Structure formats: structure tokens, C-alpha cells
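Read through the structure below, which is laid out as C-alpha cells, and then see the notes.
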Amino acid sequence: MALDHLIAKARNHFGCMKPEDWCDVRPEWIRGLHGCGPATLDHIRIYLAARGLTLKDDATVEFWQRNLQTAKIGGQISFVDTAVTETFTILIDSQEQQPWTFQGFQRQDKQLIVPIRWQSLGPTHGDYSIVGLEGQLHVERKSLDDALGTFLAPPDNERGQRWQATMQYLAGIKCGAVVVEATMGQLMGAIKSRGKRSVETLRKQLHSSILAWQHDLLLPFHFCDHRRLAEATALKIMRRYWTYNVENNGKAREEVDIDQVIGSL
Numbered sequence: 001m002a003l004d005h006l007i008a009k010a011r012n013h014f015g016c017m018k019p020e021d022w023c024d025v026r027p028e029w030i031r032g033l034h035g036c037g038p039a040t041l042d043h044i045r046i047y048l049a050a051r052g053l054t055l056k057d058d059a060t061v062e063f064w065q066r067n068l069q070t071a072k073i074g075g076q077i078s079f080v081d082t083a084v085t086e087t088f089t090i091l092i093d094s095q096e097q098q099p100w101t102f103q104g105f106q107r108q109d110k111q112l113i114v115p116i117r118w119q120s121l122g123p124t125h126g127d128y129s130i131v132g133l134e135g136q137l138h139v140e141r142k143s144l145d146d147a148l149g150t151f152l153a154p155p156d157n158e159r160g161q162r163w164q165a166t167m168q169y170l171a172g173i174k175c176g177a178v179v180v181e182a183t184m185g186q187l188m189g190a191i192k193s194r195g196k197r198s199v200e201t202l203r204k205q206l207h208s209s210i211l212a213w214q215h216d217l218l219l220p221f222h223f224c225d226h227r228r229l230a231e232a233t234a235l236k237i238m239r240r241y242w243t244y245n246v247e248n249n250g251k252a253r254e255e256v257d258i259d260q261v262i263g264s265l
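So this is what it looks like as C-alpha cells:
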């Protein structure tokens, strides 16, 4: 079907008589209409972004103006053959100090545009989620230094208590995970003595604690060789959960090939 016809189909289906009406329509609802794919959705996004508007719970106006600035309604998106847009929007906690932005990845040999939004997720709810899946899917990011400081923190001080609360929250939802920007070996090698506690003692404590958290709480920890692989891992976790629970109603389907992810590092 012609793109104009598909946009009109979506407009009539959702009763969007004026631009502001689109603000009550979620991106996945448009994708759920027969024939309406990524190109249709992105044309609507840039149409709205030009008017300072966005779809419901979508990325910001500035994001779409920056990433879809070559598009125009009623015509061809010039980069449609070289870029694809992720079907969900990632929430980044507003307190994240060194956030992943999920830019520069590829899917099916095409540039992948990942919509993001900044929002407070709460001090114990991890650092990343997906719009519409808050309370179901949350990912906690840990750099090497943050992991050591947090994992070895006494359980009775503020940092230790906050970490315990975070793990309890992640373990209690449908999909919670901790993604570390270092391997277990890298963490062990970076440990330094603290007061009366020797390096060997701290290494044993770290190893035992992580194993206990994984087994007792059934909380997944993903240790990655470097930051970029950790970012790709988090994206893959979120993509898998969204695909299984939203797009396919329980039928798992992988769209992010790990070879493509590693090839884009």
C-alpha cells in the first residue's frame, strides 16, 4: 500500500483529526495495524516532531528531529534502506552518571535507531526499563568501580542497604538483571585491600556474595568483557523480553543477532 494510504489508515483508525490527537496513540498500536510498518511509523513521528509533538510514551521531540530529520510526509524516507528503528523506547534513569545510549548498533546490516527517554525510575529500580513495561523489566548497570564499591559495601550502611533493596526489587519482577561492564576475573584483579581486610579476603567475599545473590535470589548477573558488550547485552535482554511479551504474545523470536552486535562493537 502507498505510504499516504497507510498514514490515512492509521489516522482514521485512531480518530486523529488534528496533530495533537496522535499524542494519545502508542507506537506499537500503529505497528499493530495491518500493513503499517517502520516506515509508516517514522513518517508519523517526524510529522509530529516538526510540530513539537510525539506519540504516547515515545522518545522526545528532539530525538526524532535529530534522527529522522531526512524524512518527509507523503514521500520516501531517504535512509529507509540503511536504517531501522527499534520498536520500543528505552527508559534511562535520570540519575544515571555514565549512561548507555544504545547508538551505533546494527540490525540486518542496517543502522539501528533506538528511541530513548530520561525518567526517574527510583533509587532501587535499576537504571533501564522500557516504556510501558515499568515494573516488569528493569536492568541495573554496573561499571567495574561501581560494582566493587557496591558489592563489597557493608550490608548495614546506606550503600549496602540500597543495593540489597535493588536486588530484592529486581528479583521480584518478571525480568530483572544486573549487567556488569567487567568480567569476574577483571573484578577480582582490580580489588585492593581495605583497612584490615586483605585482597584475598575481599576476593573470597566478592565471589561468595555474587554466587549467593544469583542462587538465593535467582537474579541473573551478566559479566561482560567491556562496556560496549555490556551495552549490547542489556539491549538484547530488553529486545528479547519485548519481542516475547509484546510483539509475539508469548512466542519467542530473536531479531538481534549476536554476530551482528559484536560486529558493530
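In terms of my numbering, the sequence shown opens at residue 1 and continues consecutively.
Idealized CB from N, CA, C, for every residue including glycine.
Note that the structure is predicted; figures quoted are calculated from it, not measured.
With respect to the C-alpha of Q136, the residue from Y244, R31, D146 having the closest C-alpha is Y244.
When Cβ pairs closer than 8 Å are counted between the two stretches, the stretch 136-154 is seen to touch the stretch 172-180, the count reaching three or more. In the assembly as shown, L219 is a buried residue. Its beta-carbon has 16 or more other beta-carbons within 10 Å. By the Cβ neighbour-count rule, K236 is buried, with 16 or more other Cβ atoms within 10 Å of its own. Counting only residues of its own chain and dropping the five nearest sequence neighbours on each side, K142 has a CB closer than 6 Å to the CB of V180.
Beta-bridge partners assigned by DSSP to L55: none are found.
For K204, the enclosing alpha helix (DSSP H) begins and ends at 199-217. Collapsing the DSSP output to three states places L33 in coil. For the options A8, A59, W242, K18, the alpha carbon positioned closest to that of L33 is the one of A8.
Of the residues L217, A177, R159, the one whose Cα lies closest to the Cα of F223 is A177.
In the structure shown, the three-state DSSP call for V180 is strand. If you ignore the 5 residues before and after E96, its C-beta comes within less than 6 Å of the C-beta of D127, all in its own chain and listed in chain order. The residues P38, R107, Q108, K110, Q111, L112, I113, in chain order, have a CB closer than 8 Å to that of V84 in the same chain once the five nearest residues on each side in sequence are set aside.
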